[in-house]
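Residue numbers (full-length UniProt numbering): 1 to 452.
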């Protein structure tokens, strides 16, 4: 694992509020030996910039060039997100505008608004590609701080400090539903990869889950009983204490960027706090929920600082073998097998899943790396920026995590091929589980506190 912070003024040395890697190259990009990907960044300079980031296979250093400077926004751009197929880019700003950008083709006329304002990149690097506005979405009254596309890429959910979240039909440019149950700033939204739910987190200390069938609130979570500091798997009712789960409106960030796992089985929510009535200390934490029960977390991850963003690696990896099931040559380097047993039964793992998923949690100054096989972080990167972090994004190949910061710079955290583990591949087609089945059933009966 290596960390690199290029000395690039991504947004005229203003705060970089958000960033996102393009999941699929559209249009095709780069033909050299290095990995070339589009990266979108947004900042306080009112610009969205699309970059070409290519990694040299020999030394792993990035080569960064501007592809397009999008300057239609008239105020700070708080969030930027690609659609799942990489054809659309959404950006939301402090003026409540949401722009949907697309690439109309090489022969398209350049955007006449493309030169508004001072560009954060050199003139010779500007607009190698011509991206233009497809739709302008209106509906919010204040700052837009969160966006996420639906799995089909036809819909978009947004959230704002005006205490609402809105479901948009991107093709029509119209509102499908305004979610008005929030009592405070809505700091984060996410769309379920299985298209069953949308989830929001608000400064009123509530996590809300909505069904995509009618967009009605199905779960509201703010408090629950947790067994704090209990190390045994057998937890008695008397060990449980009522806990407030999330920070209030004094939370020191505009963003609470929550995330679903790629398979949709887990939801990881930042801005957690273990607030027990009568106790002076309120430790920071990040919560992990199972999709079968959003009313209570299955795991909490203590942090020294408040957490503000979570991102999952887009790939799945093979489970690590436990010491007593060391891999043998006769097994071909794959998972250890025992007659009739599932993969998770022959390894030490938290969840009943045949693979493990990796996710990063950003606190104020630190990035923690976790996987679904253990509760403790397996890596930690801290003090790479002078001031607070703002967003995270994994590259499509899962080997690069990009981090943005309030200091105006971004960092690359890179991994060599195989450093995070062997990529998991499905050996045979697995039937879709019924709604009542829980593929991610937790082995740990109650959340266990872990020191970081």
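Beta carbons: idealized from backbone N, C-alpha and C, even for Gly.
Closer than 8 Å to chain C by CB, residue i
i	result
residue 221	Here chain C cannot be found, since the structure has a single protein chain.
Beta-carbon proximity list for residue i, same chain, < 8 Å, skipping 5 on both sides
i	result
residue 396	21, 22, 23, 24, 37, 314
residue 138	96, 97, 98
residue 342	352, 354
residue 417	399
residue 88	82, 100, 101, 102, 134, 149, 153, 170
Contact under 8 Å by Cβ, residue i with residue j
i	j	result
residue 101	residue 133	yes
residue 143	residue 155	no
residue 3	residue 381	yes
residue 410	residue 400	no
residue 453	residue 145	Here the chain covers residues 1 to 452 and nothing more, so residue 453 does not appear.
residue 275	residue 291	no
residue 54	residue 408	no
residue 350	residue 299	yes
residue 151	residue 84	yes
residue 242	residue 220	no
residue 362	residue 301	no
residue 191	residue 149	yes
residue 459	residue 162	Any answer about residue 459 is impossible in this case: the structure gives the chain only from 1 up to 452.
residue 184	residue 159	no
residue 310	residue 297	no
8 Å contact criterion, which residue i and residue j should meet: CB distance rounded
i	j	result
residue 271	residue 247	5 Å
residue 273	residue 258	Residue 273 to residue 258, Cβ: 15 Å. No contact.
residue 256	residue 167	Contact flag wrong, Cβ pair sits at about 19 Å.
residue 390	residue 305	Actually they do not touch by this definition, with Cβ atoms about 14 Å apart.
residue 217	residue 318	Going by Cβ atoms, the distance from residue 217 to residue 318 rounds to 38 Å, so no, they are not a contact pair.
residue 51	residue 65	7 Å
residue 282	residue 303	Contact flag wrong, Cβ pair sits at about 12 Å.
residue 26	residue 105	Wrong, their Cβ atoms sit about 11 Å apart, outside the cutoff.
Beta-ladder partner(s) of residue i, from DSSP
i	result
residue 99	91, 136
residue 62	55
residue 21	39
residue 196	Answer is none; residue 196 lacks a bridge partner.
residue 296	Answer by DSSP bridge pairing: none, since residue 296 is not bridged.
residue 453	Any property of residue 453 remains undetermined from this structure, which presents the chain solely from 1 to 452.
residue 302	285
residue 226	241
residue 82	89
Own chain residues within Cβ distance below 7 Å of residue i, not counting five before or after
i	result
residue 164	140, 178, 179, 180, 182, 186
residue 14	43, 44, 45, 408
residue 5	384, 409, 411
Endpoints, beta strand (DSSP E) assigned at residue i
i	result
residue 187	186-191
residue 394	389-394
residue 286	284-290
residue 215	From DSSP, residue 215 is part of no beta strand (DSSP E); its letter is neither H nor E.
residue 410	410-414
residue 177	174-179
residue 167	165-169
residue 149	144-149
residue 380	379-382
residue 314	307-317
residue 155	155-160
residue 371	366-371
residue 273	266-276
Contacting residues, own chain, Cβ-Cβ under 6 Å from residue i (five flanking each side not counted)
i	result
residue 371	356, 358
residue 19	41, 391, 393, 402, 404
residue 7	none
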